[in-house]
Ligand SMILES: [Zn+2]
Ligand SMILES: [Zn+2]
Ligand SMILES: [Zn+2]
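Residue numbers (the UniProt record's numbering): 1 to 489.
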């Protein structure tokens, strides 16, 4: 029977990527009572294979689970209870935290003349057009408020193989001994090198403070605000744990404590703000396991807590003065991390851009340079915009299904998207469902095979993303590729 073969295919697939640790039992004819984790992982695997099944009731999901594991002894009631326990039931009970996100009026912001910020209970802070804007118009350009290089380049930066500021990989000519010395782009204390005079100039002061009070024999006195020894320790810890947010936070906070005007700190604190602990609850209650093929994310709350505690300790050690003044409580630390995670774009923080709210079909196109991450960001009108209309961007990949988008938005930004595209996509799916029910099984298998291939090739099941270009210089940044990685931190 075809359905039997399909079930077998499914089992083989999951054996390969080890979603399911019960294959041995499955092959025997003896009925087994699966562990709750096996059941939950199996439902997640079903959703992952076909996002549309996320709409199914617990009863229907139970039916699919039974079909995949004929020897599992599990009742519909147990499936329902477990889905409820882990907040996976498709109801309104799914955790959102939009109401826990606060924001304040942004101090000292220079806005383009045709834009203004409006605070509302429903949308929080948002950017609005004061007058009509034509499609393609450049709305604004801005530098980073806080520039953060990618953590994955941190090791190369240490070795002098990537720019100490922007993280750009250095060309061979720079690596030849003496070449950068001649160009004056090296650090005279440590092995790090900059890619340009521009990067060196911006970074010079902070580089010294963060990276070598300890082994600079010429330093006459230690800086009280930043302990560079502790920073290097934190940096290595972040590399080891692949913890982007902590790495970024240390750089951001170093910028804040060395900003004599105090404005940067105030601006960061006025941004949409939420505790990482609140975000983690939403992740934990839902799709966290989607990205962890082992299904682990549902079960690591304790581990997460001890990781945060360790990170907090290391963070405090970098900023002894702030610590002494009691400025960073553990709760504040988690808020800083949550704030970073919901506001960063491509690791960095931009002041005006951070005011853009989400729409799955946005009216702006946010673009960063393909030449250098440290270049300015440019925002264009993606279509004609009316006076009074809110400017929007998309936080997620618009090519994802409506279920994937909504899940990512709910977990990462705490809200359920009710935009027109989401409504239209759901309507279309329902139409397709009723018109081509007979083809559905075949399509499922095809889709599943494609995804299996993807997940074996790389560790991502992301679909292809349509690219949009405004000239050749810029690439479009319309969603956060690391979206689920960032929440696990
Ligand atoms: Zn550079
Ligand atoms: Zn140096
Ligand atoms: Zn939407």
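Don't be surprised by glycine CBs; every beta carbon is placed ideally from N, CA and C.
Whole-angstrom C-beta distance between residue 230 and residue 148, which should lie under 8 Å = With 8 Å as the limit, residue 148 and residue 230 do not qualify as a contact, their Cβ atoms being about 18 Å apart.
Quiz: which residues have CB nearer than 7 Å to ligand 1 non-hydrogen atoms | 163, 165, 166, 168, 194, 195, 196, 199, 372, 374
Candidates 379, 375, 408, 363: closest to residue 420 by CA position | 363
If you count every other CB in all the chains shown that lies within 10 Å of the CB of residue 400, and 16 or more means buried, which is it?
-> buried
Kindly indicate the opening and closing residues of the alpha helix (DSSP H) around residue 237.
-> 228-241
Helix, strand or coil at residue 199 [DSSP, three-state] = helix
Who does residue 358 pair with in a DSSP beta bridge?
-> 393
Could you check how far apart the C-beta atoms of residue 199 and residue 163 are, in whole angstroms? I think they sit under 8 Å.
-> 5 Å
Which of the three DSSP states, helix, strand or coil, is assigned to residue 119?
-> strand
Keeping to the same chain, check which residues put their C-beta closer than 8 Å to that of residue 120; ignore five residues upstream and five downstream.
-> 126
Check: residue 192 C-beta below 7 Å from any heavy atom of ligand 2 = yes
Reference residue 29, options 225, 195, 279, 72, closest by Cα | 72
Quick one: grab the DSSP three-state call for residue 251.
-> helix
Contacting residues, own chain, Cβ-Cβ under 6 Å from residue 16 (five flanking each side not counted) = Only weak support exists for where residue 16 lies, its pLDDT of 41 falling under 50; the coordinates are left without a value.
Using alpha carbons as the reference points, say which of 321, 325, 39 lies closest to residue 77.
-> 39
If we ignore side chains and look at the alpha-carbon of each, how far apart do residue 287 and residue 335 end up?
-> Any reading at residue 287 needs caution, since the residue's pLDDT is 45, under 50, leaving its predicted position unreliable; the model's value is listed next. When rounded, the distance between both Cα atoms is 22 Å.
Where DSSP assigns a beta bridge to residue 133, which residues make up the other side?
-> 385
Have a look at 112, 136, 123, 142 and flag the residue whose alpha-carbon is nearest the alpha-carbon of residue 129.
-> 112
Hey, quick one: how far does the beta strand (DSSP E) through residue 138 stretch, first residue to last?
-> 138-142
Would you say the beta carbon of residue 211 comes nearer than 7 Å to a heavy atom of ligand 2?
-> yes
Given residue 357, which residues of its chain have a CB within under 6 Å of its CB, disregarding the five upstream and five downstream residues?
-> 123, 126, 392
Between residue 207 and ligand 2, is the CB less than 7 Å from at least one heavy atom?
-> yes
Considering only C-alpha positions, which residue in the set 189, 276, 63, 195 is nearest to residue 343?
-> 276
Quick one: what's residue 263 bridged to in DSSP?
-> DSSP lists no partner for residue 263.
Between the beta-carbon of residue 491 and the beta-carbon of residue 142, is there less than 8 Å?
-> With the chain represented from 1 up to 489, any question about residue 491 goes unanswered, as that position is not in the structure.
Thinking C-alpha only, which one of 186, 150, 394, 85 is nearest residue 242?
-> 150
Residue 296 (DSSP reduced to helix, strand or coil) = Its pLDDT being 34, under 50, residue 296 is placed unreliably by the model, and nothing is read from it.
Looking at the structure shown, is residue 186 part of a helix, part of a strand, or coil, going by DSSP?
-> strand
Examine ligand 3 and report whether any of its heavy atoms sits within less than 7 Å of the Cβ of residue 421.
-> yes
For the putative contact between residue 380 and residue 136, defined by C-beta atoms under 8 Å, what is the C-beta separation to the nearest angstrom?
-> 6 Å
Whole-angstrom C-beta distance between residue 274 and residue 414, which should lie under 8 Å | 7 Å
Find the nearest neighbour of residue 244 within the set 331, 271, 268, 338, judged by alpha-carbon distance.
-> 338
Is the CB-CB distance between residue 209 and residue 154 below 8 Å?
-> no
With 16 other Cβ atoms within 10 Å as the buried cut-off, status of residue 348 | buried
Indicate, with yes or no, if ligand 3 has a heavy atom lying under 7 Å from the CB of residue 407.
-> no
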